[in-house]
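Notes for the one structure printed next.
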Amino acid sequence: MNDDKKNQDLELFHKEMKGVKQLEQERIDPFRKKLRPEPLPKQPEEEEDTLADLNIETPDFLDFQHPGVQNRLYQDLKRGLLPPEATLDLHGMRVVEARKALLKFLAQAAHRHYRTIRIIHGKGRGSTTQPVLKQKVNQWLQQREDVLAFTTAPRWDGGTGAAYVLLSKKHWD
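Using full-length UniProt numbering, the final residue of the sequence shown is 173, and nothing's skipped along the way.
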């Protein structure tokens, strides 16, 4: 395109735009500065002691719902209609390691505003009696205020070796 053609186009554009005023708007500029990820807050060591170790028999299918949780929301969780936003795999961990990992994971999930998570506890095929980690996860999650409900994951997403967990929004940073 030659300079003469460019000048003609520019003149035509200015002629057409004559009298046009910019609209006033109260919205935020779409070009915002990129935010850097915030480091996760350090959790006090005391929090590790908030989970009691009880010896309660764990059924094959985990099923827990705090009073006040809507049945429809809980049913959606059970059916796998609320896909997990993050997963924690506890396979091969000892109970003490699993507890620390679970507490850290729940804190991270709250910090990142996750609503649904998946915890893989395994089926306990390596234990002599019943699944140890599954039993502990069942107990620990029931003791947490930030856990509204949890259930065995759908068969296609871990089945009896995993749990879907619904978290409360109240504990978001």
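Don't be surprised by glycine CBs; every beta carbon is placed ideally from N, CA and C.
Here the structure is a predicted model, which is why all the values come from computation and not from measurement.
Shown here for Ile-117: same chain residues with a beta carbon closer than 6 Å to its own, the five before and five after excluded, namely Pro-84, Ala-86, Ala-109, Val-165 in chain order.
Leu-73: member of the alpha helix (DSSP H) spanning 71-79, first to last residue.
Just so you know, the alpha carbons of Leu-73 and Thr-151 end up roughly 12 Å apart. Taking Phe-105 as reference, the option from Val-147, Gln-135, Gly-122 with the minimal CA-CA separation is Val-147. For Ala-163, no alpha helix (DSSP H) segment is defined; the enclosing uninterrupted segment is the beta strand (DSSP E) at 162-167. In this model, Asp-157 and Leu-81 are separated by some 12 Å (Cα to Cα). By DSSP's assignment, Phe-150 forms a beta bridge with Phe-64, Val-165. Assignment of Arg-94 by DSSP, reduced to helix, strand and coil, places it in the coil class. Counting other Cβ atoms within 10 Å of its Cβ, Asn-2 stays below 16 and is therefore classed as exposed. About 27 Å separates the Cβ atoms of His-113 and Lys-134, ruling out a contact at the 8 Å cut-off.
Within 10 angstroms of the beta-carbon of Leu-90 lie 16 or more other beta-carbons, which makes it buried.
Within the same chain, and ignoring the five residues on either side of Asp-63 in sequence, the residues whose Cβ sits closer than 6 Å to its Cβ are Thr-151. Scanning the region 109-148 for uninterrupted beta strand (DSSP E) segments of 3 residues or longer gives 116-120, listed from N- to C-terminal end. Just measuring C-alpha positions, the residue of Lys-100, Lys-123, Leu-12, Glu-24 sitting nearest Ala-153 is Lys-123. Between Val-69 and Ala-163, the C-beta gap is not smaller than 8 Å, which leaves the two residues out of contact. Cα atoms of Asp-76 and Arg-94: separation of roughly 32 Å, rounded to the nearest angstrom.
Judged by DSSP in its simplified three-state form, Leu-23 adopts coil rather than helix or strand.
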